[in-house]
Structures are given as C-alpha cells and as structure tokens.
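Visitor:
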C-alpha cells in the first residue's frame, strides 16, 4: 500500500479508454504498474490464483511481465486506523485488480504473422469481485490493442466460461497423453541416424538452440510451402521478450512440484540440432518397485525422424513407468507413431483463445487455404468499429483483402465465432451446426469453411 498513486493516462473512473469501454466504478482508478511493485503484484496474483508458494519465495524468481504493458486497478479508501489530519482521515490505496499483455510481434496466424497482444495475469482480489473491474479492464485492454495496432488478442483461459462474453473464441485445442514406458513406436527411416544428448537444461548452453528450433517449428521454415506461403503452425507464440526468456529458464525449487530440476534431450543429425524436449522426472517407490513419471515441457522436432528419436528416449528412461507430455498439438506426430495410441489415454484440452480486435486488419493479415470471396456480417457488442459487413477476398494461398461493404451478407456470425475460426482449427461448418453461424447464400458456408481451414492444427506450446 502507498498513500498516493499516479493515474494512468488511459483510464480513470470518469475517463473511458475508448469507444465502447466501460468506466471503472466510483472509488477505483487505473494505474500503470512497475517492477518496483512486483511483490505487490505477486500478492494479488496469489489471491486471485491460490498457491502453496509463499510470496517472498516467488519474489526471488524473475518476472515475465513487460511492465510498460502492465496495469492495475486501485481502490481508494479512508484509513480509519490512522490519525486524522486537519479533521480528515488520510486516503490509502489498495491494489484491487490487474491485467497485463505480452507483445507478440510475430504471432503465427495462417500463412504469416501478426502483432498480437497476449493477455495475461488477469486477476481481481476476492474483496473486490462482482463490481465490474474485470469488464473495465478487458475494455481497456481492447482499446489499447487498437491504439497499438494489434488486430488480435490471445489468451489462455483459467476459467473457460469467462472470456466468451468478451468476444474471445476458443481457437485451438491441445492433446494430453499418458504414454506407458516402453510403448511401441513405429519405425521412421533416419531416426537411428540421430545422436542424442541428455543434459541438465542450461540457458547458456541451450538457450540459442531452443529458441532457434522453437521458431523454426512454428514458422514452417523447415517444410515445403504452398504457392510461396509457409505452412506454419498458427498460435505458436515465441518468447520474444528478455523477461519471458528469463522466466522460462528460471528453475526455482518451489515451483517444481517435487520433481527434479529441468532436463533436456537434444537430437542432432550430422551435427545439426533437429529437435529437443525438456522434461523432469519424479520417482516413487512402491512394493512392486519404482514408479516414475516423466513430465515433459516442450517436445519440438523438425521432422518425423527427429520426433521418433526424441520419443524413443522419453519412453525409455530408467525407473519410470509413464510419460506425460504437457501440451502437444492435436495432430502431433506421436499420435501416428504410437502403435497403440489408445493405451496413452488421449484427452483434449482447450488451448489458445482468440479475440479479433480489428476485423479488416485481422482478416487481411492471414492467408486462406482455398479461393474465397465472401461477405461476413459481424456483430461485436464491445468494439463498435468491428460491426457490419466485411468482404474477404483471396485466391488460394495468396494475399488477402478485407474491406467494409454494403453488399448483402453471405454469412452472419459474432466476433466470438470469428475468433474461434481465425487460426484455422475450428470449422465454420461445425459452428454453423451449433447455430452460431448463419448461411444466407447457399454454398457460401462450405466454401468459406474450406478457405478458413489450415493444413496444420493451431496450438501454443506454452501457457502464457
């Protein structure tokens, strides 16, 4: 707590951030947050997301936040425990809520990249819930995205029921497996030509290797292109900032959950790194012997042979009984390499959620898998500039155009469903089957669904 706070230029209770934005309720105001308040930010975060880790312990770890994009909501109130000054109680402030975003300047969308705001660290103290603070913060965030020229916002939803009402649509899923140790894998030519290094993960030793392979896996630079358009993996955000890199390589004991320090497997062919997997092991001793779990972080491979070499190592570590990958694409090659995929107990979880903030910029900023000429009627209750009719045109994988039009709509949908379909992983036809997309011109739905699809399933390999 501090006796005074600077007000943020973007937002106060009486000055909305932009068109459609909700003001904060009386007694609250928005303030920029800085690194000097990191401990206070952590305290609020642990009120919003309960943790067994103490604030002082968490404070020892580097912050992943970009502080110029981190904002709080403070509550002003009189301190009735203080001595009155000139007959009035001094006013103190309390950090009641916060939100931040990561600057993804090259976030992969189908066939290219766009600047995207990765919404994160959204939290409200229990004392201040149900007062409209979240709504005000989201509106502020959307207004700021438009000001910064970020046509899309993306997030991981802590609670799936929350963000749809703000126009975010579930745009990607990820695959979770529990692979038995020694699971039979199909052979891949060239897999045994790889050399393997199994080491303690170290930023100085592995940082550049991991960053380069991770970028290559997302951009599709290592695979053939379609008509000059990279067949990339939409949603594959990279850790672009120094703060995100520092947080990723930090390995505090308090956050290991009883597992060992981070390890890494690197597979190389002819001296060239072709894949890596980070992992931790945890072993328990039972009457029948040791039972251990290999918990992987990212498993990244540039081709099938490298993937087969990686999974061969992960499924054959001593004193273990299972491998639990954290996040995999739903089309990951391991689903085809496993001889018995059913034994891995596959289940699907929601991954990235997408909010289209600037409809014409977002639609023109991605590529399309088929010819498209469609007029979309878009509704948006929060960003008025998005509402209306938009014509999208593209030939095959070529550049797209999007512009406002008075022509009759071929399809009608809310911005939430547009966000779901945006990365190419959710079909417009499936949304229409659920009554969420309406077809006005026969055949338009099938053609648009084919165009909005993408050959590679979207996913983000880490939770931001």
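Numbering (this note's numbering), first residue to last: 114 to 577.
We treat Cβ as the ideally placed atom computed from N, Cα and C, and that holds for glycine.
Computed from a predicted model, the values in this text were never measured in an experiment.
In or out: residue 155 buried (at least 16 other Cβ within 10 Å) or exposed?
Guide: It counts as buried.
Visitor: Residue 417 lies in the alpha helix (DSSP H); which residues open and close that run?
Guide: Here the alpha helix (DSSP H) through residue 417 covers 417-427.
Visitor: Just to confirm the assignment: which complete beta strand (DSSP E) runs, minimum length 3, are found wholly within the stretch 126-179?
Guide: Counting whole runs of 3 or more residues, the stretch 126-179 contains the beta strand (DSSP E) stretches 141-145.
Visitor: Taking residue 472 as part of the beta strand (DSSP E), name the residues at either end of that continuous run.
Guide: From DSSP, residue 472 is part of no beta strand (DSSP E) but of the alpha helix (DSSP H) over 472-477.
Visitor: Could you tell me if residue 255 is buried or exposed, where buried requires 16 or more neighbouring beta carbons within 10 angstroms of its beta carbon?
Guide: Classification for residue 255: buried.
Visitor: Does the Cβ of residue 517 have 16 or more other Cβ atoms within 10 Å, making it buried, or fewer, making it exposed?
Guide: Exposed is the call here.
Visitor: For the structure I just gave you, are there three or more beta carbon pairs, one from the stretch 306-324 and one from the stretch 484-493, closer than 8 Å?
Guide: Result no; under three Cβ-Cβ pairs closer than 8 Å.
Visitor: Between 483, 158, 264, 551, which has its C-alpha nearest residue 184's C-alpha?
Guide: The residue with the shortest Cα to Cα distance from residue 184 is 158.
Visitor: Is the CB-CB distance between residue 182 and residue 213 below 7 Å?
Guide: Contact flag set, yes.
Visitor: Would you check if the stretch 263-282 and the stretch 524-537 touch, i.e. whether three or more CB-CB distances between them fall below 8 Å?
Guide: Segments in contact, yes.
Visitor: Compare the beta carbon distance of residue 419 and residue 380 with 7 Å and say whether it is the shorter of the two.
Guide: For residue 419 and residue 380, yes; Cβs fall inside 7 Å.
Visitor: Beta-carbon within less than 6 Å of residue 442's beta-carbon, same chain only, minus the 5 sequence neighbours each way: which residues are those?
Guide: Correct list, in chain order: 570, 572.
Visitor: Would you kindly check if the distance between the Cβ of residue 493 and the Cβ of residue 500 is under 7 Å?
Guide: Their beta carbons are under 7 Å apart, which means residue 500 touches residue 493 by this criterion.
Visitor: Between residue 163 and residue 363, is the Cβ-Cβ spacing less than 7 Å?
Guide: Cβ distance not < 7 Å, so residue 163 and residue 363 don't count as in contact.
Visitor: Using alpha carbons as the reference points, say which of 315, 277, 466, 305 lies closest to residue 230.
Guide: The candidate whose alpha carbon is nearest that of residue 230 is 466.
Visitor: Quick check on this structure: which residue in 469, 440, 481, 300 has the alpha carbon closest to the alpha carbon of residue 463?
Guide: Among 469, 440, 481, 300, the Cα nearest to that of residue 463 belongs to 440.
Visitor: Hey, quick one: how far does the beta strand (DSSP E) through residue 320 stretch, first residue to last?
Guide: Run containing residue 320: none in the beta strand (DSSP E); it sits in the alpha helix (DSSP H), 316-332.
Visitor: Mind reading off the beta-carbon distance from residue 391 to residue 410? Whole number of angstroms is fine, and I expect it under 8 Å.
Guide: The pair is a contact, with the Cβ atoms about 4 Å apart (cut-off 8 Å).
Visitor: So the candidates are 434, 528, 450; which of them puts its Cα closest to the Cα of residue 476?
Guide: Of the candidates 434, 528, 450, the one whose C-alpha sits nearest the C-alpha of residue 476 is 528.
Visitor: Identify whether residue 79 lies in helix, strand or coil by the three-state DSSP scheme.
Guide: With the chain covering only 114 through 577, there is no way to say anything about residue 79.
Visitor: Can you look up residue 463 in the DSSP assignment and give me helix, strand or coil?
Guide: Note: residue 463 maps to strand in three-state DSSP.
Visitor: Taking three-plus beta-carbon pairs below 8 Å as touching, is the stretch 398-418 in contact with the stretch 300-316?
Guide: Counting Cβ pairs under 8 Å, three or more are found: they touch.
Visitor: I'd like to know whether the C-beta atoms of residue 245 and residue 355 end up nearer to each other than 7 Å.
Guide: No; because the gap between Cβ atoms is not below 7 Å, this pair is not in contact.
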